[in-house]
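**Student:** The opening residue of the sequence shown carries number 123 in the working numbering; numbering runs sequentially from there.
Virtual Cβ for every residue (Gly too), placed ideally from N, Cα, C.
What you are looking at is a predicted structure, and each value in this text was computed from that prediction instead of being measured.
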Amino acid sequence: METYIMKTKRLGLRRWNDADLIPFSKINQDPRVMEYFPKLLSQQESEEMIKKIEEKTNENGFGLYAVDLLSKKEFIGFIGLSRPNFEASFTPCVEIGWRLAYQHWGKGLATEGAQACLAFAFNLLRIPEIVSFTAKENQRSIKVMEKLNMKKAGEFMHPNLPEDHSLRKHVLYKISREGR
Ligand SMILES: CC(C)(COP(=O)(O)OP(=O)(O)OC[C@H]1O[C@@H](n2cnc3c(N)ncnc32)[C@H](O)[C@@H]1OP(=O)(O)O)[C@@H](O)C(=O)NCCC(=O)NCCS
């Protein structure tokens, strides 16, 4: 029996396991999924990312969770909370983020999982404010933020990308526990 941190109608959010590496690596090698990221990830980079996520989850008491489609017991990506590793006017903060396999897009799954994460963050962890950000061109992700009732709080240049990088311009969205 799988131990889920959160369950929604269609999704189970859980800690990562070894079997997630191959399907996660496929997601990170799909140019459609990675359109708004600087590059595709090798299998080794995906493995390192899972390790980092798990370490940060242990440290913070929350994290980016592996997502299963409950009907098929199939791993389809991640949704969850993290602390950004760069400095900006709005850090330190807690961010909500998502990445799903292409074949599962467009069915409301990211919004469904993220809604559960916001409830977890506000009601259980008592975090006062959650942010989200993405490249300005990433309309799909922005749509998810808007469906979560997050409000645009500004734009910024992502400090981890080179000055002339086309993806550097980001939008910042926020939602607070009080103003939900
Ligand atoms: C962003 C992502 C998680 C969304 O997953 P999803 O399960 O398809 O999201 P949802 O179905 O909950 O919502 C997507 C919304 O975007 C809309 N949408 C899809 N394509 C769009 C586009 N090109 N422009 C504007 N809106 C778009 C959908 O219609 C839907 O809104 P609706 O429910 O009102 O119709 C998924 O596309 C993904 O994994 N992308 C790659 C990773 C990524 O960019 N992550 C965020 C980086 S910070």
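Give me the DSSP bridge partner(s) of aspartate 190.
**Tutor:** Gly134, Phe197
**Student:** Ligand 1 heavy atoms versus the CB of alanine 232: any closer than 7 Å?
**Tutor:** yes
**Student:** Cβ-heavy atom distance between valine 155 and ligand 1 below 7 Å?
**Tutor:** Within 7 Å of the C-beta of valine 155 there is at least one heavy atom belonging to ligand 1.
**Student:** From the DSSP secondary-structure annotation, give me the bridge partner or partners of histidine 280.
**Tutor:** Bridge partners of histidine 280: none, in fact.
**Student:** To the nearest angstrom, how far is the alpha carbon of alanine 241 from that of leucine 203?
**Tutor:** 12 Å
**Student:** Over the uninterrupted alpha helix (DSSP H) stretch that includes isoleucine 149, give me the two end residues.
**Tutor:** 143-150
**Student:** Less than 7 Å separating the Cβ of leucine 191 from some heavy atom of ligand 1?
**Tutor:** no
**Student:** Note down the Cα distance separating lysine 161 from asparagine 150, rounded to an integer number of angstroms.
**Tutor:** 9 Å
**Student:** Beta carbon of threonine 125: closer than 7 Å to some heavy atom of ligand 1?
**Tutor:** no
**Student:** In whole angstroms, what is the alpha-carbon distance linking asparagine 139 and alanine 238?
**Tutor:** 21 Å
**Student:** Residues bridged to lysine 129 by DSSP?
**Tutor:** Its beta-bridge partners are Gly134.
**Student:** Could you tell me the boundaries of the beta strand (DSSP E) in which lysine 258 lies?
**Tutor:** No beta strand (DSSP E) contains lysine 258, which DSSP labels as neither H nor E.
**Student:** Have a look at Met279, Glu181, Glu176 and flag the residue whose alpha-carbon is nearest the alpha-carbon of threonine 256.
**Tutor:** Met279
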